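Q: According to this note's numbering, the stretch in the sequence shown is residues 1 to 297, in order.
For glycine and all other residues, C-beta sits at the position ideal for the given N, C-alpha and C.
Bear in mind the structure is a predicted one, so any value in this text is a computation, not a measurement.
Dropping a structure here in C-alpha cells format, bear with me for questions.
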Amino acid sequence: MSFKSGFVAVVGQPNVGKSTLINCIIGKKVSIVSPKPQTTRNKILGVWNPPGAQVVFVDTPGIHKSKTALDDFMAKSIESATDGIDLLLYVIDGSKPFKPNDLKMLEKYAENDYPVFAVVNKIDLNNYENLMQELAKLNAIAKLEEVFCISALANKNLEPLKEHILKKMTDNVKYFSDDQLTDKTFGFMIAEAIREKMLWMLDDEVPHGVGVVVDEMRDYEKFEQITATIYCEKESHKNIIIGKQGNMIKEIGKSSRLAIEKMLQKQVNLSLWVKVKPDWRNKASTLGNLGYAIDEI
Ligand SMILES: Nc1nc2c(ncn2[C@@H]2O[C@H](COP(=O)(O)OP(=O)(O)OP(=O)(O)O)[C@@H](O)[C@H]2O)c(=O)[nH]1
Ligand SMILES: [Mg+2]
C-alpha cells in the first residue's frame with residue numbers, strides 16, 4: 001500500500017474540545033487545553049504519523065465575535081486554516097442542544113470543495129435520547145459527508161473517525177519528519193504551557209488579557225535556563241498574577257516548570273516576570289512580539 005498524507009482543519013465554536021481532540025488522536029500534547037473559551041489563539045499544526053500515513057491537523061481558535069486586534073488575528077487564523085485542506089472536521093459540543101450558528105457554519109463549510117465531517121464531542125455528558133434529537137438536526141445539511149459522536153476526553157469512539165480521516169488522505173508526500181510534532185518552536189510551546197497554567201489557575205477576566213513571551217532559553221549541560229515575561233493589561237491583574245507574598249506566581253512557575261521539563265526532557269530553571277501593557281491586545285507591535293503577528297498567517 002502506498003503512503004498517504006494530507007491536511008485536516010479542525011474548526012468550531014470556542015471550548016468544544018478541538019484541541020483535546022487533536023492531542024488525543026496524535027497521542028501527544030501539541031495544543032493547550034482549558035475549560036475557558038478562547039484558549040487557542042494561533043493556528044497550530046499537529047502531526048499524526050500512523051503506519052503508512054501522515055495527517056497534519058490544523059488546530060484553530062474557536063469562532064467568536066471580534067472585539068480586539070487579537071480577535072481579528074484569531075479570525076484570520078481560522079480563515080487561512082482551510083487553505084489547501086483535504087478534509088474539515090467541524091466540532092460541536094454534544095453535551096447540550098446544538099447552536100443555530102453551528103448549523104449555519106456547517107452548511108457554509110459543506111458548500112466548499114473539500115469534504116466535511118461533523119464531530120459531535122463530549123457525548124459522555126449527554127444521554128442517548130437528547131443526543132438523537134440533536135443529531136436529527138444535522139440531516140438538513142445535505143453535503144455533510146459523515147457524522148461522528150465521540151468523547152475526546154474519554155478517548156471514546158475515536159477509531160471510526162480516525163479510519164475515515166485516513167480514507168480522505170490522497171497526497172503521498174511526507175510533509176514533516178517523524179520527530180516533528182508541530183510547526184511551532186519550543187519557545188512558542190513553552191509560552192503556551194505557561195499561559196495554559198494561568199487559564200486553569202486564574203479567574204476569567206485575567207487570563208484572557210494575558211500574553212506570554214519567552215525572552216531567553218540557555219542550554220546548560222545539566223539544565224535549561226528559561227526567562228519569560230507575562231504581559232497583562234492592568235496593575236490590578238498584575239497583583240492577582242503575583243498574588244499575596246508572590247504565592248500565585250510561585251505556583252504558576254512551579255506547575256509551568258514541571259510541564260516544560262516534561263516537554264524538554266530536561267531539568268528547567270524558570271524565571272518569570274510580570275509586566276503591565278495596557279491594551280496590548282489592540283497593539284500590532286506587542287501582538288507581533290507575542291507571536292500573534294499578522295504576517296505569520
Ligand atoms: N466531558 C468532556 N469534556 C471535554 C471533552 N473534550 C474536551 N473537553 C473539555 O472541554 C474543555 C475545552 O477543551 P479544549 O480542547 O480547550 O476546547 P477548544 O475547542 O480547543 O477551545 P478553544 O481553543 O477555546 O476554542 C476542556 O476543559 C476539556 O477538558 C469531552 O469529550 N468530554
Ligand atoms: Mg483550542
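Mapping DSSP to helix, strand and coil, what is Gln225?
A: If DSSP states are grouped into helix, strand and coil, Gln225 belongs with the strands.
Q: In three-state DSSP terms, what is Ser245?
A: Ser is not the amino acid found at residue 245; the sequence shown has Gln there. DSSP places Gln245 in helix when its eight states are reduced to three.
Q: Under 6 Å Cβ to Cβ from Lys36, same chain only, skipping five residues before and after it: list those, please.
A: Answer for Lys36: Leu199, listed in chain order.
Q: Please state the DSSP three-state secondary structure of Lys4.
A: Strand.
Q: In the DSSP assignment, find the unbroken beta strand (DSSP E) run with Ile63 in it and report its ends.
A: Element bounds for Ile63: n/a, residue is neither H nor E.
Q: In chain order, which continuous runs of the alpha helix (DSSP H) of length 4 or greater are located wholly inside the region 9-83?
A: Those alpha helix (DSSP H) runs which fall completely within the region 9-83 and span 4+ residues are 18-26, 69-80.
Q: Hey, could you find the ends of the alpha helix (DSSP H) Phe188 is sitting in?
A: Its alpha helix (DSSP H) spans residues 186-201.
Q: Would the region 94-106 count as touching the region 67-74 if we require 3 or more Cβ pairs under 8 Å?
A: Segments in contact, no.
Q: Leu89 by DSSP, collapsed to three states: which one?
A: Residue state, collapsed to three classes: strand.
Q: Do you know offhand how far Ile241's Cα is from Ala81's?
A: Taking the straight line from one Cα to the other gives about 33 Å.
Q: Does ligand 2 have a heavy atom nearer than 6 Å to the CB of Ser19?
A: Answer for Ser19: yes, Cβ within range of ligand 2.
Q: Could you tell me how far apart the beta carbons of Ile150 and Lys197 are, in whole angstroms, since I believe they sit closer than 8 Å?
A: With 8 Å as the limit, Ile150 and Lys197 do not qualify as a contact, their Cβ atoms being about 27 Å apart.
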